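**Q** Sharing a structure, written as structure tokens. Questions coming.
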Amino acid sequence: MAKELTSRSENYSQWYQDLVIKADLAENSAVRGCMVVKPYGYAIWEKMQAQLDKMFKETGHVNAYFPLFIPKSFFSKEADHVEGFAKECAVVTHYRLKNDPSGNGIVVDDDAKLEEELIIRPTSETIIWNTYRNWIQSHRDLPLLVNQWANVVRWEMRTRLFLRTAEFLWQEGHTAHATKQEAIEETEKIINLYSEFAEKYMAVPVIKGLKTENERFAGALDTYTIEALMQDGKALQSGTSHFLGQNFAKAFDVKFANKEGKEEYVWATSWGVSTRLMGALIMAHSDDNGLVLPPKLAPYQVVIVPIYKKGEQLAAISEKVNAITEKLKGRNISFKYDDKDNRKPGWKFAEYELKGVPVRIAMGPRDLENGTCEVARRDTLTKEVVPVENIDEYIEKLLVDIQENIYKKALDYRESMITKVDTFDEFKDVLKNKGGFVLAHWDGTSETELKIKEETKATIRCLPLEYENEEGKCVYSGNPSSRRVLFALSY
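If you number the sequence shown the way my numbering does, the last residue is 493 and the count never jumps.
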């Protein structure tokens, strides 16, 4: 099966598409630009969702659900917000169908036109802040820390499975605070939470930073981002957290009585990650043999494949495997025992390699005699014969090592792909011949930012939080610059 994959060096984009489909993660649907997330792909998303949800709740957030449909008038209340999303909105204009009088199937009933069109949510700030007006009256109602797991629609013209689809799954947090400082602290807390999730669970190193004014979320005063680097040297925005100031509170008249009884507008944040993280997971780690999944997010961490010729051999192996799996359960290690007789072991090995299962155990008659099994790890494609005794302890340590190794490999690659440049010629050369992140001085103007994008297609991914200010000259204009920023070609 791996031989059916286009190699990364031949065509990275096609390799990605091949892998998503052949590893049974997702497929294109009958609806233009929309995808079907298949059970194996959804199992990975569920693992992501469960861990993030746990982290949100540990920081005091609660889940709720808001309508899919948003009245069109809500969007006109916050000018920057409507301008940012107007071109991506899907609009519902009628509420009924009828049989075509001429007998040509079904048509829209012209008499069923909505008085006000409804927008299928591209994001939920407007409907949520309209709701918060009824929930918030006093400082005692704050902070309000709400998250929603939902689907959204953004009418994308160019789509790619997981990375950019017309409909996708995500979570969106929407919080309300009594003070500006509390809202800023919330925004920073969440971007740190996203960074922890990406690095600790996805094994994807990220750079945290602030977006430029041009790249901010529509309606935000500040947008924090985590930026990851894919194996083709392109950046992927992997999560954002927005300080919204009082823009939405003023647009929807959300006020509270402070401790002195004086009315004030609340301060807001919003933040989200989506199934785009699936794309990051695939492109950061996988190889020409298929997926490479970090153990913490793999649908099952271990697959066990019996090797036998006769039924009695299978029975004996299965008895031994049952003892092994009981031990794995005791250590909360997820597994699959594939004893189906419709495929040969070699086929199964290739399938589970393609699907990125972190550890594969093979056991045959000789292993039974010797009290051993063969253990193969997906990240290095190495095998080792190990005693069955204490196999659970061995596998537990191995999974930790695999998680750490996958992260280290991605981090080493990322670090090797960060290049400081001081001239525009160097800038263009790195983008063309190396790729990755380019650290360069920028004069802080939108004009220069847009000209660089126009000439090179590179964008400012962020103003990195981890790099200190450094005086210099802008690589494009030569004007004074107070810091280097992170440029890259991106998805």
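Where is the CB? At the ideal position from N, CA and C, for every residue including glycine.
Everything numeric in this text was worked out from a predicted model, so none of it was measured.
Name, in chain order, the residues that DSSP records as bridge partners for R10.
**A** Along the sequence shown, read from residue 1 onward, the residue named residue 10 stands at position 8. DSSP output for R10 lists no bridge partner at all.
**Q** From the DSSP secondary-structure annotation, give me the bridge partner or partners of K257.
**A** Residue mapping note: residue 257 aligns to position 255 of the sequence shown, counting from 1. K257 is bridged to Y267.
**Q** Do K100 and the ligand FAD come close, with the Cβ less than 8 Å from some heavy atom?
**A** Although the ligand FAD was asked about, the structure shown includes no ligands whatsoever.
**Q** On a CA-only basis, which of S197, V440, T271 and V256 is nearest H63? Give me that one, please.
**A** Along the sequence shown, read from residue 1 onward, the residue named residue 63 stands at position 61. Ranking S197, V440, T271 and V256 by Cα distance to H63 puts T271 first.
**Q** Return the chain-ordered list of same chain residues with a C-beta closer than 6 Å to the C-beta of K254, the five sequence neighbours on each side being excluded.
**A** On the sequence shown, position 252 is the one that residue 254 refers to. Going by the sequence as given, residue 254 is Phe instead of Lys. Here the set comprises W131, N132 and R135.
**Q** Measure how close the beta-carbons of S492 and Q239 come, nearest whole angstrom, since I'm counting them as under 8 Å.
**A** The residue you call residue 492 lines up with position 490 of the sequence shown. The residue you call residue 239 lines up with position 237 of the sequence shown. The Cβ separation is near 7 Å, so the contact holds.
**Q** DSSP has Q239 in a bridge; who is on the other side?
**A** Here residue 239 refers to the residue found at position 237 when the sequence shown is read from its first residue. Looking at the DSSP assignment, Q239 forms a beta bridge with E229.
**Q** Quick one: using the 10 Å Cβ neighbour count with 16 as the cut-off for buried, is D289 buried or exposed?
**A** Position 287 of the sequence shown, counting from 1, holds the residue named residue 289. Flag for D289 reads buried.
**Q** When we look at the beta-carbon of M280 and count the other beta-carbons within 10 Å, is it buried (16 or more) or exposed?
**A** Numbered from 1 along the sequence shown, position 278 holds the residue referred to as residue 280. With 16 or more Cβ atoms within 10 Å of its Cβ, M280 is classed as buried.
**Q** Taking the alpha carbon of V38 as the point to measure from, which residue in K264, W273, L146 and N153 has its own alpha carbon closest?
**A** To locate residue 38, count along the sequence shown from 1; it is residue 36. When only C-alpha atoms are compared, the closest one is N153.
**Q** Taking a contact to mean a Cβ-Cβ separation below 9 Å, would you say I454 touches F439 in this structure?
**A** Stepping through the sequence shown from its first residue, residue 454 is reached at position 452. Stepping through the sequence shown from its first residue, residue 439 is reached at position 437. No, the Cβ-Cβ distance between I454 and F439 is not below 9 Å.
**Q** Where do the ends of the beta strand (DSSP E) carrying K312 lie?
**A** As a working note, residue 312 is residue 310 in the sequence shown. Neither: K312 is in no beta strand (DSSP E) and is coded neither H nor E.
**Q** For K56, report the span of its alpha helix (DSSP H) as first-last.
**A** Here residue 56 corresponds to residue number 54 of the sequence shown, with the count starting at 1. Its alpha helix (DSSP H) spans residues P41 to E60.
**Q** Taking K298 as the reference, give the member of V402, T214 and T189 with the closest Cα.
**A** As a first step, residue 298 must be located in the sequence shown, where it is residue number 296. Among V402, T214 and T189, the Cα nearest to that of K298 is on V402.
**Q** Do V294 and I335 have their C-beta atoms closer together than 9 Å?
**A** For the purposes of this step, residue 294 is taken as the residue at position 292 of the sequence shown. For the purposes of this step, residue 335 is taken as the residue at position 333 of the sequence shown. Not in contact: V294 and I335 (Cβ atoms no closer than 9 Å).
**Q** What separation, rounded to the nearest whole angstrom, lies between the Cα atoms of P207 and T95?
**A** By 1-based counting over the sequence shown, the position of residue 207 is 205. By 1-based counting over the sequence shown, the position of residue 95 is 93. Taking the straight line from one Cα to the other gives about 44 Å.
**Q** Please confirm whether D340 and I309 have their CB atoms less than 9 Å apart.
**A** Here residue 340 refers to the residue found at position 338 when the sequence shown is read from its first residue. Here residue 309 refers to the residue found at position 307 when the sequence shown is read from its first residue. No, the Cβ-Cβ distance between D340 and I309 is not below 9 Å.
**Q** In chain order, what residues of the same chain have a beta carbon less than 6 Å from the beta carbon of F426, not counting five sequence neighbours either side?
**A** Counted from its first residue, the sequence shown places residue 426 at position 424. If we look at F426 and ignore the five residues flanking it on each side, its Cβ neighbours are V477 and Y478.
**Q** Let me know the beta strand (DSSP E) ranges lying completely inside the region 124-157, each 3 residues or longer, listed in chain order.
**A** Counting whole runs of 3 or more residues, the region 124-157 contains the beta strand (DSSP E) stretches 146-155.
**Q** Rounded to the nearest angstrom, what separates F429 and K210 at their Cα positions?
**A** Stepping through the sequence shown from its first residue, residue 429 is reached at position 427. Stepping through the sequence shown from its first residue, residue 210 is reached at position 208. So the two alpha carbons sit approximately 22 Å from each other.
**Q** What are the boundary residues of the beta strand (DSSP E) that P466 is part of?
**A** Reading the sequence shown from its first residue, position 464 is the one you call residue 466. Its beta strand (DSSP E) spans residues T461 to P466.
**Q** Below 8 Å CB to CB, which residues in the same chain sit around S31 once its five sequence neighbours on both sides are set aside?
**A** Residue 31 sits at position 29 when you count from the first residue of the sequence shown. So the list reads M37 and V38, once near-sequence residues are dropped.
**Q** When we look at the beta-carbon of F245 and count the other beta-carbons within 10 Å, is it buried (16 or more) or exposed?
**A** As a first step, residue 245 is located in the sequence shown; it is residue number 243 there, counting from the start. With 16 or more Cβ atoms within 10 Å of its Cβ, F245 is classed as buried.
**Q** Do I363 and E353 have their beta-carbon atoms positioned less than 9 Å apart in this structure?
**A** As a working mapping, residue 353 is identified with position 351 in the sequence shown. As a working mapping, residue 363 is identified with position 361 in the sequence shown. No; because the gap between Cβ atoms is not below 9 Å, this pair is not in contact.
**Q** Quick check: the Cα distance between S197 and A490, rounded to an integer number of angstroms?
**A** Position 195 of the sequence shown, counted from the first residue, corresponds to residue 197. Position 488 of the sequence shown, counted from the first residue, corresponds to residue 490. Looking at the two C-alpha atoms, the distance is approximately 19 Å.
**Q** Are the region 220-229 and the region 75-90 touching, with three or more C-beta to C-beta distances below 8 Å?
**A** Yes, the region 220-229 touches the region 75-90.
**Q** Give the straight-line distance between the Cα atoms of F170 and R218, rounded to the nearest whole angstrom.
**A** One-based indexing of the sequence shown puts residue 170 at position 168. One-based indexing of the sequence shown puts residue 218 at position 216. If I take the Cα positions, the gap works out to 20 Å.
**Q** Taking the alpha helix (DSSP H) that F87 falls in, what are its first and last residues?
**A** For the purposes of this step, residue 87 is taken as the residue at position 85 of the sequence shown. Segment A81 to F87, the alpha helix (DSSP H) holding F87.
**Q** Quick check on H63: does DSSP put it in helix, strand or coil?
**A** Stepping through the sequence shown from its first residue, residue 63 is reached at position 61. Note: H63 maps to coil in three-state DSSP.
**Q** Going by beta carbon distance, what residues of the same chain come within less than 7 Å of K24, once the five residues before and after it are set aside?
**A** Counting from one through the sequence shown, the residue named residue 24 turns up at place 22. Contacts found: M3, E6, L7 and L356.
**Q** Assuming E118 contacts K74 under a Cβ cut-off of 8 Å, what Cβ separation, rounded to an integer in Å, is found between them?
**A** Within the sequence shown, numbered from 1, the residue matching residue 118 stands at position 116. Within the sequence shown, numbered from 1, the residue matching residue 74 stands at position 72. The pair is a contact, with the Cβ atoms about 6 Å apart (cut-off 8 Å).
**Q** Please return the same chain residues whose Cβ sits closer than 6 Å to the Cβ of G43, not counting the five positions on each side in sequence.
**A** Here residue 43 corresponds to residue number 41 of the sequence shown, with the count starting at 1. Excluding sequence neighbours, G43 sits near L27 and A28.
**Q** Helix, strand or coil: how does DSSP classify Y469 here?
**A** Against the sequence shown, residue 469 aligns to sequence position 467. Residue state, collapsed to three classes: coil.
**Q** Quick one: measure Cβ to Cβ for I108 and L116, integer angstroms, because I've assumed they're closer than 8 Å.
**A** Against the sequence shown, residue 108 aligns to sequence position 106. Against the sequence shown, residue 116 aligns to sequence position 114. With a Cβ gap of about 18 Å, I108 and L116 do not count as contacting.
**Q** What three-state label does DSSP hand V359 in the structure shown?
**A** For this step, residue 359 is matched to residue 357 along the sequence shown. Coil.
**Q** In whole angstroms, what separates the C-alpha of R368 from that of V323?
**A** Counting from one through the sequence shown, the residue named residue 368 turns up at place 366. Counting from one through the sequence shown, the residue named residue 323 turns up at place 321. Whole-angstrom Cα-Cα distance: 14 Å.
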